[in-house]
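To convert, note that position 78 of the sequence shown is 77 in numbering that gives the first Met the number 0; the numbers rise steadily by one, no gaps.
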Amino acid sequence: MTQAAPFTEIWRGPFLESVHSGHAVICDDTGEIVESWGDPDKIVLPRSSSKMIQALPLITSGAADAYDLSTEQLALACASHQGAAIHTERVGVWLGALGLSDDNFRCGPQDPADKDAHEALIRAHEQPCQIHNNCSGKHAGFLTLTQHLKAGPEYVDPDHPLQRACLEAFEAVTQETSPGYGIDGCSAPNFACTLRGMARAMAHFAAAPDGSAEARLHQAMRLHPELVAGETRACTELMRAMNGKVALKTGAEGFFIAILPEQKLGIALKADCGTTRAAECAIAALLVKLGVLDAAHPATLKRLNAPIKNWRGIETGILRPAAVFA
0 MTQAAPFTEI WRGPFLESVH SGHAVICDDT GEIVESWGDP DKIVLPRSSS KMIQALPLIT
60 SGAADAYDLS TEQLALACAS HQGAAIHTER VGVWLGALGL SDDNFRCGPQ DPADKDAHEA
120 LIRAHEQPCQ IHNNCSGKHA GFLTLTQHLK AGPEYVDPDH PLQRACLEAF EAVTQETSPG
180 YGIDGCSAPN FACTLRGMAR AMAHFAAAPD GSAEARLHQA MRLHPELVAG ETRACTELMR
240 AMNGKVALKT GAEGFFIAIL PEQKLGIALK ADCGTTRAAE CAIAALLVKL GVLDAAHPAT
300 LKRLNAPIKN WRGIETGILR PAAVFA
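So this is what it looks like as C-alpha coordinates:
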(Lines of atoms letter the chains of each structure in order from A and count residues from 1; the text may use other names and numbers.)
(Lines give C-alpha, C1' and ligand atoms only; values in the text may rest on other atoms or scores of the structure.)
Protein backbone atom coordinates (compact mmCIF):
# COMPACT_ATOMS: atom_id res chain seq x y z
CA MET A 1 0.00 0.00 0.00
CA THR A 2 1.49 3.34 -1.05
CA GLN A 3 -1.46 5.61 -0.37
CA ALA A 4 -1.77 7.19 3.05
CA ALA A 5 -3.53 4.95 5.54
CA PRO A 6 -6.28 6.19 7.88
CA PHE A 7 -4.72 7.07 11.25
CA THR A 8 -7.19 8.88 13.42
CA GLU A 9 -10.98 9.27 13.33
CA ILE A 10 -13.01 12.13 14.74
CA TRP A 11 -16.57 11.13 15.59
CA ARG A 12 -19.31 13.62 16.48
CA GLY A 13 -22.17 11.66 17.98
CA PRO A 14 -22.89 8.79 15.54
CA PHE A 15 -21.19 10.55 12.59
CA LEU A 16 -17.64 10.09 11.34
CA GLU A 17 -16.77 13.76 10.89
CA SER A 18 -13.06 13.70 9.99
CA VAL A 19 -10.28 11.24 9.19
CA HIS A 20 -6.56 11.96 9.53
CA SER A 21 -4.34 9.77 7.34
CA GLY A 22 -0.63 9.10 7.25
CA HIS A 23 2.24 6.65 7.01
CA ALA A 24 3.96 4.53 9.65
CA VAL A 25 6.76 1.96 9.77
CA ILE A 26 8.03 -0.42 12.45
CA CYS A 27 11.55 -1.82 11.87
CA ASP A 28 13.51 -4.47 13.75
CA ASP A 29 17.19 -4.53 14.67
CA THR A 30 18.14 -5.94 11.27
CA GLY A 31 16.61 -2.91 9.58
CA GLU A 32 13.77 -4.93 8.11
CA ILE A 33 10.15 -3.80 8.18
CA VAL A 34 8.04 -5.62 10.76
CA GLU A 35 4.84 -3.84 9.76
CA SER A 36 3.93 -0.73 7.81
CA TRP A 37 0.94 1.44 6.93
CA GLY A 38 0.81 3.73 3.93
CA ASP A 39 4.03 4.26 1.98
CA PRO A 40 7.23 3.20 3.80
CA ASP A 41 9.32 4.76 1.03
CA LYS A 42 7.74 8.19 1.35
CA ILE A 43 10.43 10.90 1.50
CA VAL A 44 10.02 12.81 4.75
CA LEU A 45 11.61 15.55 6.83
CA PRO A 46 11.75 14.07 10.35
CA ARG A 47 12.00 17.55 11.87
CA SER A 48 12.67 17.42 15.64
CA SER A 49 12.22 13.65 15.70
CA SER A 50 15.79 13.49 14.38
CA LYS A 51 17.36 15.38 17.30
CA MET A 52 18.94 12.31 18.83
CA ILE A 53 20.66 11.67 15.48
CA GLN A 54 21.88 15.27 15.38
CA ALA A 55 23.28 14.71 18.88
CA LEU A 56 25.33 11.66 17.90
CA PRO A 57 28.45 13.65 16.85
CA LEU A 58 28.37 15.39 20.24
CA ILE A 59 29.30 12.02 21.75
CA THR A 60 31.24 10.28 18.97
CA SER A 61 33.56 13.29 18.60
CA GLY A 62 34.54 13.04 22.26
CA ALA A 63 33.02 16.45 23.04
CA ALA A 64 30.43 15.14 25.52
CA ASP A 65 33.11 13.47 27.62
CA ALA A 66 35.60 16.32 27.21
CA TYR A 67 33.00 18.73 28.63
CA ASP A 68 31.74 16.16 31.17
CA LEU A 69 28.14 16.45 29.98
CA SER A 70 25.51 14.99 32.29
CA THR A 71 22.56 12.78 31.34
CA GLU A 72 20.37 15.87 31.83
CA GLN A 73 22.38 17.75 29.23
CA LEU A 74 22.22 14.83 26.80
CA ALA A 75 18.44 14.70 27.26
CA LEU A 76 18.23 18.44 26.57
CA ALA A 77 20.33 17.98 23.44
CA CYS A 78 17.50 15.73 22.16
CA ALA A 79 14.68 17.92 23.48
CA SER A 80 11.90 20.05 22.08
CA HIS A 81 11.24 21.65 25.45
CA GLN A 82 8.58 24.20 26.27
CA GLY A 83 10.79 26.87 27.78
CA ALA A 84 9.90 26.18 31.40
CA ALA A 85 12.32 27.18 34.15
CA ILE A 86 13.41 23.54 34.47
CA HIS A 87 14.66 23.80 30.88
CA THR A 88 16.00 27.33 30.55
CA GLU A 89 17.85 27.31 33.87
CA ARG A 90 19.74 24.18 32.87
CA VAL A 91 20.52 25.46 29.40
CA GLY A 92 21.69 28.75 30.95
CA VAL A 93 24.11 26.93 33.25
CA TRP A 94 25.37 24.93 30.25
CA LEU A 95 25.97 28.12 28.25
CA GLY A 96 27.78 29.69 31.18
CA ALA A 97 30.08 26.67 31.49
CA LEU A 98 31.00 27.18 27.84
CA GLY A 99 31.75 30.85 28.49
CA LEU A 100 28.98 31.81 26.06
CA SER A 101 25.74 33.79 26.13
CA ASP A 102 22.33 33.84 24.47
CA ASP A 103 23.87 35.82 21.59
CA ASN A 104 25.89 32.78 20.55
CA PHE A 105 22.75 30.82 19.72
CA ARG A 106 21.48 30.72 16.15
CA CYS A 107 18.03 29.28 16.89
CA GLY A 108 16.10 32.55 17.28
CA PRO A 109 13.89 33.78 20.14
CA GLN A 110 10.63 31.97 20.85
CA ASP A 111 7.83 32.69 23.28
CA PRO A 112 7.88 29.82 25.80
CA ALA A 113 5.01 27.37 25.54
CA ASP A 114 5.14 26.92 29.31
CA LYS A 115 2.37 29.08 30.80
CA ASP A 116 4.29 30.12 33.93
CA ALA A 117 7.37 31.13 31.92
CA HIS A 118 5.23 33.00 29.39
CA GLU A 119 3.41 34.94 32.11
CA ALA A 120 6.66 35.67 33.97
CA LEU A 121 8.04 37.39 30.88
CA ILE A 122 4.87 39.49 30.58
CA ARG A 123 5.00 40.53 34.24
CA ALA A 124 8.67 41.47 33.88
CA HIS A 125 7.98 43.41 30.64
CA GLU A 126 10.62 41.25 28.95
CA GLN A 127 10.82 39.67 25.52
CA PRO A 128 11.62 35.99 25.01
CA CYS A 129 15.23 35.14 24.26
CA GLN A 130 16.82 32.38 22.24
CA ILE A 131 17.24 30.30 25.40
CA HIS A 132 13.43 30.01 25.44
CA ASN A 133 13.49 28.42 21.99
CA ASN A 134 12.30 24.81 22.18
CA CYS A 135 15.54 23.77 20.47
CA SER A 136 17.94 25.63 22.79
CA GLY A 137 19.13 22.36 24.34
CA LYS A 138 20.04 21.00 20.92
CA HIS A 139 21.81 24.24 20.13
CA ALA A 140 23.73 24.13 23.42
CA GLY A 141 24.95 20.74 22.22
CA PHE A 142 25.81 22.26 18.85
CA LEU A 143 27.81 25.02 20.56
CA THR A 144 29.64 22.45 22.69
CA LEU A 145 30.67 20.49 19.61
CA THR A 146 31.57 23.70 17.76
CA GLN A 147 33.97 24.64 20.56
CA HIS A 148 35.39 21.12 20.62
CA LEU A 149 36.01 21.26 16.87
CA LYS A 150 37.38 24.82 17.12
CA ALA A 151 35.03 25.65 14.28
CA GLY A 152 33.42 28.95 13.30
CA PRO A 153 30.38 30.48 15.03
CA GLU A 154 27.86 29.97 12.19
CA TYR A 155 27.18 26.38 13.16
CA VAL A 156 23.79 26.15 11.39
CA ASP A 157 25.40 26.68 7.97
CA PRO A 158 24.95 23.41 6.03
CA ASP A 159 28.67 23.52 5.10
CA HIS A 160 29.81 23.98 8.71
CA PRO A 161 31.89 21.03 10.03
CA LEU A 162 29.21 20.37 12.65
CA GLN A 163 26.42 20.03 10.08
CA ARG A 164 28.61 17.86 7.88
CA ALA A 165 29.09 15.59 10.91
CA CYS A 166 25.32 15.55 11.47
CA LEU A 167 24.73 14.54 7.85
CA GLU A 168 27.32 11.78 8.09
CA ALA A 169 25.62 10.42 11.23
CA PHE A 170 22.18 10.73 9.65
CA GLU A 171 23.14 8.77 6.54
CA ALA A 172 24.94 6.12 8.62
CA VAL A 173 21.97 5.29 10.86
CA THR A 174 19.26 5.59 8.17
CA GLN A 175 21.48 3.60 5.77
CA GLU A 176 20.45 5.99 3.02
CA THR A 177 21.93 8.85 1.05
CA SER A 178 19.86 11.86 1.99
CA PRO A 179 18.23 13.50 -1.04
CA GLY A 180 18.58 16.94 0.55
CA TYR A 181 17.43 19.08 3.42
CA GLY A 182 15.01 21.78 4.50
CA ILE A 183 15.80 24.53 6.99
CA ASP A 184 14.13 23.77 10.30
CA GLY A 185 12.31 26.18 12.59
CA CYS A 186 15.53 26.59 14.60
CA SER A 187 17.51 27.46 11.43
CA ALA A 188 19.51 24.20 11.30
CA PRO A 189 19.33 21.96 8.23
CA ASN A 190 16.92 19.05 8.61
CA PHE A 191 17.94 16.16 6.41
CA ALA A 192 15.41 14.11 4.47
CA CYS A 193 15.13 10.34 4.19
CA THR A 194 12.47 7.71 3.63
CA LEU A 195 10.11 6.88 6.47
CA ARG A 196 11.58 3.36 6.35
CA GLY A 197 15.04 4.88 6.81
CA MET A 198 13.94 6.78 9.89
CA ALA A 199 12.34 3.69 11.43
CA ARG A 200 15.52 1.76 10.62
CA ALA A 201 17.55 4.44 12.40
CA MET A 202 15.35 4.21 15.49
CA ALA A 203 15.70 0.43 15.53
CA HIS A 204 19.46 0.94 15.30
CA PHE A 205 19.24 3.14 18.40
CA ALA A 206 17.07 0.55 20.14
CA ALA A 207 19.56 -2.27 19.52
CA ALA A 208 22.71 -0.26 20.30
CA PRO A 209 24.84 -1.73 23.11
CA ASP A 210 25.21 -0.02 26.48
CA GLY A 211 27.91 2.61 26.38
CA SER A 212 27.38 3.46 22.74
CA ALA A 213 26.48 7.00 21.71
CA GLU A 214 23.02 5.84 20.66
CA ALA A 215 22.34 4.08 23.96
CA ARG A 216 23.61 7.02 26.01
CA LEU A 217 21.19 9.34 24.23
CA HIS A 218 18.03 7.24 24.44
CA GLN A 219 18.85 6.29 28.03
CA ALA A 220 19.15 10.00 28.91
CA MET A 221 15.79 10.69 27.26
CA ARG A 222 14.12 7.86 29.18
CA LEU A 223 15.77 8.94 32.44
CA HIS A 224 14.66 12.58 32.10
CA PRO A 225 11.32 12.65 30.23
CA GLU A 226 10.46 16.01 31.81
CA LEU A 227 13.42 17.59 30.00
CA VAL A 228 12.62 16.11 26.59
CA ALA A 229 9.32 18.00 26.33
CA GLY A 230 7.60 19.13 29.53
CA GLU A 231 4.48 18.86 31.64
CA THR A 232 1.25 18.02 29.72
CA ARG A 233 3.27 17.08 26.61
CA ALA A 234 2.86 13.68 24.96
CA CYS A 235 6.56 12.75 24.88
CA THR A 236 6.93 13.35 28.62
CA GLU A 237 3.62 11.86 29.74
CA LEU A 238 3.79 8.74 27.59
CA MET A 239 7.42 8.00 28.51
CA ARG A 240 6.41 8.23 32.15
CA ALA A 241 3.41 5.99 31.49
CA MET A 242 5.80 3.33 30.15
CA ASN A 243 8.11 3.71 33.17
CA GLY A 244 10.94 4.99 31.01
CA LYS A 245 11.20 1.79 28.96
CA VAL A 246 10.61 3.56 25.63
CA ALA A 247 12.05 6.80 24.25
CA LEU A 248 9.64 9.04 22.35
CA LYS A 249 10.24 12.16 20.30
CA THR A 250 7.80 14.29 18.39
CA GLY A 251 8.58 16.42 15.38
CA ALA A 252 6.77 19.29 13.71
CA GLU A 253 4.13 18.65 11.04
CA GLY A 254 2.80 15.44 12.50
CA PHE A 255 5.99 13.40 12.94
CA PHE A 256 6.71 10.95 15.76
CA ILE A 257 9.33 8.31 16.55
CA ALA A 258 9.70 5.65 19.22
CA ILE A 259 12.76 3.70 20.35
CA LEU A 260 11.94 0.38 22.07
CA PRO A 261 15.19 -1.06 23.51
CA GLU A 262 13.70 -4.19 25.08
CA GLN A 263 12.01 -5.19 21.81
CA LYS A 264 14.84 -3.76 19.65
CA LEU A 265 12.25 -2.02 17.51
CA GLY A 266 12.03 1.44 16.00
CA ILE A 267 8.91 3.32 14.90
CA ALA A 268 8.57 6.32 12.62
CA LEU A 269 5.30 7.87 11.53
CA LYS A 270 4.08 10.92 9.67
CA ALA A 271 0.55 12.32 9.62
CA ASP A 272 -0.10 13.66 6.13
CA CYS A 273 -2.18 16.53 7.51
CA GLY A 274 0.65 17.58 9.81
CA THR A 275 -1.54 17.75 12.90
CA THR A 276 -0.32 16.91 16.37
CA ARG A 277 -3.48 15.11 17.47
CA ALA A 278 -3.26 12.67 14.57
CA ALA A 279 0.39 11.82 15.25
CA GLU A 280 -0.11 11.48 19.01
CA CYS A 281 -3.12 9.21 18.58
CA ALA A 282 -1.25 7.06 16.05
CA ILE A 283 1.91 6.65 18.16
CA ALA A 284 -0.18 5.82 21.24
CA ALA A 285 -2.13 3.23 19.23
CA LEU A 286 1.06 1.57 17.99
CA LEU A 287 2.59 1.48 21.46
CA VAL A 288 -0.57 -0.14 22.83
CA LYS A 289 -0.56 -2.57 19.91
CA LEU A 290 3.04 -3.57 20.75
CA GLY A 291 2.13 -4.11 24.40
CA VAL A 292 4.38 -1.44 25.89
CA LEU A 293 1.70 1.15 26.75
CA ASP A 294 -1.35 0.54 28.93
CA ALA A 295 -4.48 1.50 27.00
CA ALA A 296 -6.16 2.48 30.28
CA HIS A 297 -3.39 4.78 31.52
CA PRO A 298 -4.58 8.41 31.92
CA ALA A 299 -1.77 9.64 29.65
CA THR A 300 -2.93 7.22 26.96
CA LEU A 301 -6.59 8.16 27.32
CA LYS A 302 -5.75 11.81 26.63
CA ARG A 303 -4.72 10.78 23.12
CA LEU A 304 -6.44 7.48 22.41
CA ASN A 305 -10.24 7.20 22.48
CA ALA A 306 -10.20 10.68 23.96
CA PRO A 307 -13.55 12.39 24.54
CA ILE A 308 -14.15 15.66 22.70
CA LYS A 309 -16.01 18.24 24.76
CA ASN A 310 -17.55 21.56 23.84
CA TRP A 311 -17.21 24.86 25.71
CA ARG A 312 -19.94 23.83 28.17
CA GLY A 313 -18.13 20.63 29.00
CA ILE A 314 -20.63 18.46 27.13
CA GLU A 315 -19.09 15.40 25.50
CA THR A 316 -19.80 15.77 21.78
CA GLY A 317 -17.61 13.11 20.25
CA ILE A 318 -14.44 11.07 20.44
CA LEU A 319 -10.96 10.97 18.91
CA ARG A 320 -9.95 7.38 18.27
CA PRO A 321 -7.45 5.38 16.21
CA ALA A 322 -8.50 3.97 12.87
CA ALA A 323 -9.21 0.26 12.52
CA VAL A 324 -5.85 -0.37 10.80
CA PHE A 325 -4.13 -0.15 14.18
CA ALA A 326 -6.32 -2.78 15.82
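Note that the Cβ used here is the ideal one computed from N, Cα and C, for glycine as well.
Within a Cβ cutoff of 7 Å, which residues of the same chain sit near residue i, ignoring the five residues on either side of it in sequence?
i	result
TYR180	PRO157, PRO188, ASN189, PHE190, ALA191
Between the Cα of residue i and those of the options, spot the shortest distance and give me the residue it belongs to.
i	options	result
ALA202	ILE52, SER79, PHE14, ILE9	ILE52
THR87	ALA267, ALA112, ALA63	ALA112
ALA33	ARG232, ALA246, ALA198	Residue 33 is actually Val in this sequence, not Ala. When each option's Cα is compared against that of VAL33, the closest is ALA198.
LEU15	HIS159, ALA325, LEU318	LEU318
GLU118	ALA84, ILE182, SER177, CYS77	ALA84
ASP28	THR173, ALA233, LEU99	THR173
GLU225	ARG215, LEU216, GLU236	GLU236
ALA284	GLY273, PRO260, PHE255, ASP271	PHE255
GLU71	LEU259, ALA164, ALA139, VAL323	ALA139
THR249	ALA3, LEU44, ASN103	LEU44
ASP183	CYS26, LEU142, SER49, ILE121	SER49
ALA171	LEU148, GLY196, ALA233, LYS149	GLY196
ALA74	ALA116, ARG163, ARG215, PRO260	ARG215
By Cβ distance, which residues of its chain are closer than 6 Å to residue i, with the 5 residues on each side in sequence left out?
i	result
THR145	TYR154, LEU161
GLY95	none
CYS134	CYS106, CYS185
VAL18	PRO5, GLU8
ALA164	PRO56
Quick check on the burial criterion: 16 or more other C-beta atoms within 10 angstroms. Buried or exposed for residue i?
i	result
ASP64	exposed
GLY12	exposed
PRO152	exposed
ALA267	buried
PRO320	buried
THR299	buried
ARG122	exposed
When you compare the region 203-215 with the region 36-50, are there three or more beta-carbon pairs, one atom per stretch, that lie closer than 8 Å? no
Take every Cβ of the region 100-111, pair it with every Cβ of the region 129-136, and state whether three or more of those distances are shorter than 8 Å. yes
Could you tell me whether the region 301-315 touches the region 55-69, using the rule of 3 or more Cβ pairs below 8 Å? no
What ranges does the beta strand (DSSP E) occupy inside the region 157-232, keeping only unbroken runs of at least 3 residues that lie completely in it? 180-182, 188-190
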